[in-house]
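Residue 268 is where the sequence shown starts when you use this note's numbering, and the numbers rise one by one after that. Glycine included, each C-beta is placed from N, C-alpha and C at the ideal position. Data first, discussion second: the structure below is written as structure tokens.
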Amino acid sequence: MSRPLQVLWLQSGGCGGCSMSMLCAETRDFFGSLEAAGVELIWHPALSEDCGASLRQLFQDCREGRRTLDVLCLEGAVMRGPANTGRFHLLAGSGEPMMAWIEALAEVARHVVAVGSCAAFGGI
């Protein structure tokens, strides 16, 4: 059996509505459906327990190639302000703009998926 597709899901400037829609889909077992499809959700902001130092370590492991990142999903628009610094949205505890993490993780991911109209078009 091949290894599961490693998926990391991030949220930036959005309401989380795409995640909520996904979770409200008519499926008996969301995580079972992912497993059956050969997908391992390595982190999702609403579904995962990792936070703080352990989350930052996971991101760093992906960025530095110690952890495979097949798919980076981004829900919400990348917050770039003020003055293109990205400091309106910092990764908690890191002092680093989420924009920088998104860019770094996108560089190492095999695929990057813009989830919803906020990510794809900056909102409606």
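Can you tell which of the options has the C-alpha that lies nearest to the C-alpha of residue i?
i      : options                           : result
Ser269 : Glu363, Ala304 and Leu308         : Ala304
Leu275 : Gly284, Ala387 and Arg323         : Arg323
Ala313 : Ser384, Gly283, His356 and Ala359 : Gly283
Leu272 : Leu325, Leu290, Ser279 and Arg334 : Arg334
Gly360 : Glu307, Ser279, Thr294 and Cys318 : Cys318
Glu331 : Ala386, Met287, Ala371 and His378 : Ala371
Ser210 : Gln327, Gly343, Ser321 and Ser300 : Summary: the structure shown does not reach residue 210, with the chain confined to residues 268 through 391, and so no result is reported for it.
Gly362 : Val382, Ala320 and Ser384         : Ala320
For residue i, count neighbouring Cβ atoms within 10 angstroms of its own Cβ and tell me buried if that reaches 16, exposed if not.
i      : result
Cys221 : Because the chain here runs from 268 to 391, residue 221 falls outside it and cannot be looked at.
Gly281 : buried
Leu341 : buried
Leu298 : Strictly speaking, residue 298 in this sequence is Phe, with Leu absent from that position. Phe298 should be labelled exposed.
Leu277 : buried
Leu290 : exposed
Gly383 : buried
Ala350 : exposed
Ala386 : buried
How close, in whole Å, do the beta carbons of residue i and residue j come, if the pair is a contact with beta carbons under 8 angstroms?
i      : j      : result
Val338 : Val380 : 6 angstroms
Ala376 : Leu325 : About 14 angstroms; that fails the 8 angstroms criterion.
Met365 : His356 : 4 angstroms
Ser300 : Thr294 : 5 angstroms
Gly348 : Ala367 : Actually they do not touch by this definition, with Cβ atoms about 14 angstroms apart.
Tell me where the alpha helix (DSSP H) around residue i begins and ends.
i      : result
Val375 : Met365 to Val375
Ser288 : Gly284 to Leu290
Ser384 : Gly383 to Phe388
Should residue i be listed as close to the ligand GDP, given that the test is whether its C-beta is under 8 angstroms from any heavy atom?
i      : result
Ala350 : With respect to small molecules bound, the structure shown includes none, and the ligand GDP cannot be examined in it.
Enumerated in chain order, which unbroken segments of the alpha helix (DSSP H) with a length of 4 residues or greater are wholly contained in the region 303-377? You should have 319-330 and 365-375.
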